[in-house]
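Colleague: Just dropping this structure here.
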Amino acid sequence: MASILIMTAVEKEREAVLKGLGDFPPAKTALCGFGPVESAVRASAMLASCKPDLLVNAGIAGAIPGRAAVGETVIGEESILADLGAESPEGFLSVKDLGFGTDRWFSPEAGKVISHYTRGNVHKGQILTLSTVTGTELTLEELKKRYPHALAEAMEGAGAAAAAAFHGVPFLEMRTISNLAGPRDRGGWELDKALEALTDSIRTLKEAF
Numbered sequence: 001m002a003s004i005l006i007m008t009a010v011e012k013e014r015e016a017v018l019k020g021l022g023d024f025p026p027a028k029t030a031l032c033g034f035g036p037v038e039s040a041v042r043a044s045a046m047l048a049s050c051k052p053d054l055l056v057n058a059g060i061a062g063a064i065p066g067r068a069a070v071g072e073t074v075i076g077e078e079s080i081l082a083d084l085g086a087e088s089p090e091g092f093l094s095v096k097d098l099g100f101g102t103d104r105w106f107s108p109e110a111g112k113v114i115s116h117y118t119r120g121n122v123h124k125g126q127i128l129t130l131s132t133v134t135g136t137e138l139t140l141e142e143l144k145k146r147y148p149h150a151l152a153e154a155m156e157g158a159g160a161a162a163a164a165a166f167h168g169v170p171f172l173e174m175r176t177i178s179n180l181a182g183p184r185d186r187g188g189w190e191l192d193k194a195l196e197a198l199t200d201s202i203r204t205l206k207e208a209f
């Protein structure tokens, strides 16, 4: 049976994952920390000491309005480092545009996993990784224009994906939606609903392995 390492940013997400795993020896959990830099460092350190068959970055996320809803699950077909690059008079230039490598990590695992999810509230698509959470309508509109197919935004996926690629380990990002991206309204986040959805999604993930 394949071994899986599931990393979350914070302990509450990890607790939701553990609840979904139950007694499932092939899976281990760990914290990747907050943001893309810490997630890359911690994931790389973990992968150097234990090389699983799959690294999963799981947690909550903000949905791009109209593309996913609170309580739904997004399986990352592609994790995109969305705000690392340069500004120019013509617009944003990505890492790839600048010639410094890739800003996107494609996950073949997403296609394998999604078939196990029969609920209509599970989506497969692009997940953005940001160093700064979207908090204004202006930023949201810029991101929607730049990434017209992105479903959600979070802060750790691309960092963990880069570490997985460096170590030659397959990668999957899984997010459940706690809020809609846009003008910041922390009081409107439905964390419990997103964490319950994360537990349910992890239960289904086990079926793929």
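Per UniProt numbering, the sequence shown runs over residues 1 to 209.
Heads up, the beta-carbon is just placed ideally off N, CA and C, and yes, glycines get one too.
#1: For S88, does the count of other Cβ atoms within 10 angstroms reach 16, so buried, or fall short, so exposed?
#2: Can you give the Cα-Cα distance for residue 232 and L191, rounded to whole angstroms?
#3: Buried or exposed for R119, please, with buried defined as at least 16 other CB atoms from any protein chain shown within 10 angstroms of its CB.
#4: For P36, is the classification buried or exposed, using 16 other Cβ atoms within 10 angstroms of its Cβ as the cut-off for buried?
#5: What residue range is occupied by the uninterrupted beta strand (DSSP E) comprising M155?
#6: With a Cβ-Cβ cutoff of 7 Å, do G91 and T129 count as a contact?
#7: From the DSSP output, in three-state form, read off R104 for me.
#8: What are the boundary residues of the beta strand (DSSP E) that includes K193?
Modeller: To lay it out plainly:
#1: Position 88 of the sequence shown, counted from the start, is the residue given in the question as residue 88. By the neighbour-count rule (16 or more Cβ atoms within 10 Å), S88 is not buried but exposed.
#2: An answer regarding residue 232 cannot be provided, because it is not within the stretch 1 to 209 covered by the chain.
#3: The count along the sequence shown starts at 1 and reaches residue 119 at position 119. Looking at its Cβ environment, which holds fewer than 16 other Cβ atoms inside 10 Å, R119 is exposed.
#4: Counting from one through the sequence shown, the residue named residue 36 turns up at place 36. It is buried - the Cβ of P36 has at least 16 other Cβ atoms within 10 Å.
#5: Reading the sequence shown from its first residue, position 155 is the one you call residue 155. Note, M155: premise wrong, no beta strand (DSSP E); not H, not E.
#6: As a first step, residue 91 must be located in the sequence shown, where it is residue number 91. As a first step, residue 129 must be located in the sequence shown, where it is residue number 129. Result no, Cβ atoms of G91 and T129 do not sit closer than 7 Å.
#7: Stepping through the sequence shown from its first residue, residue 104 is reached at position 104. Looking at R104 - three-state DSSP - the assignment turns out to be strand.
#8: In the sequence shown, counting from the first residue as 1, residue 193 sits at position 193. Element bounds for K193: not the beta strand (DSSP E) but the alpha helix (DSSP H), 191-207.
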